[in-house]
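Each step along the sequence shown adds one to the number in the working numbering, with nothing skipped, and position 104 is 104.
Before any comments, here is the structure.
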Amino acid sequence: MRLQELIPPRHILLDLEAADKWEVIERMTAHLAAESGLPAAQGAAYREAVLQRERSMSTGMERGIAIPHAAVDGLERVVAGLALVRGAAGEGVNFDSIDAAPAWLVVLLLIPRPQKLLHIRTLADLARHLGNEDVRRALRGASTTADAWKALAKI
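Written out as structure tokens, the structure is:
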């Protein structure tokens, strides 16, 4: 799966300021709901699903990456967003990552509940693609949404 197909430019947030991972998730789900035209109640339900999933097990990976996600009802396709996050120190936020590094690159996924295989494949593809140092470097250097979206084309 190509990341440009998964994440449209309007779902990219640059320089997202957040105090912690909970605020990152709340702001990203609100943005995705608004940009996807979801009713407020549905957006709130999706936010709660991602928060609940994060409370059960951290989605922090390594090398500054986090992939908060949830399987949800009421979606026909995957909805995904990307944020380049600045925390208080400007270097991301604590996502309880495997390597304890703050997460500055966050991809949030909402996946239709019945599509379990798609869920697993999408997570695996993201982890593999975002493990590419050239892609991470290009994303970190992005100064516009267009730059970030172009970086996704490298995958």
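Cβ coordinates follow ideal geometry from the N, Cα and C atoms, glycine included.
Since the structure is predicted, the reported quantities are computational estimates derived from the model, not experimental observations.
Out of curiosity, what's the CA-to-CA distance linking residue i and residue j?
i: MET61; j: SER97; result: 5 Å
i: ARG86; j: ILE65; result: 13 Å
i: ALA18; j: GLY90; result: 10 Å
i: VAL24; j: PRO68; result: 10 Å
i: ASN132; j: ALA124; result: 13 Å
i: LEU14; j: GLY141; result: 11 Å
i: ALA157; j: ARG27; result: Outside the displayed span of the chain (1 to 155) sits residue 157, for which this structure offers no information.
i: ARG77; j: LEU6; result: 10 Å
i: LEU51; j: MET57; result: 10 Å
i: ALA45; j: ARG137; result: 34 Å
i: LYS116; j: ALA127; result: 17 Å
Between residue i and residue j, is the Cβ-Cβ spacing less than 7 Å?
i: ASP20; j: VAL93; result: yes
i: GLY74; j: HIS11; result: no
i: ARG113; j: ALA71; result: yes
i: ALA153; j: LEU139; result: no
i: ALA83; j: LEU16; result: yes
i: VAL79; j: LEU110; result: yes
i: THR145; j: PRO8; result: no
Less than 8 Å between C-beta atoms, sequence neighbours within five positions excluded: which residues of the same chain meet that for residue i?
i: ASP99; result: GLU62 and ARG63
i: ALA30; result: GLY43 and ARG47
i: SER143; result: LEU14
Which first and last residues belong to the alpha helix (DSSP H) in which residue i is found?
i: LEU16; result: Careful: LEU16 lies outside any alpha helix (DSSP H), inside the beta strand (DSSP E) at 12-17.
i: GLY64; result: Note, GLY64: premise wrong, no alpha helix (DSSP H); not H, not E.
i: ILE25; result: 21-36
i: SER58; result: First-last for SER58: undefined, no H or E at that position.
What residues in its chain sit with their C-beta under 7 Å from that of residue i, if we drop five residues either side in the sequence?
i: GLN4; result: TRP149, LEU152 and ALA153
Give every residue of the same chain whose Cβ lies closer than 6 Å to the Cβ of residue i, excluding the five residues on either side of it in the sequence, and list them in chain order.
i: THR59; result: ALA66, ILE67 and PRO68
Which ranges would you report for the beta strand (DSSP E) in the region 70-152 if only whole runs of at least 3 residues count? 79-86 and 105-112
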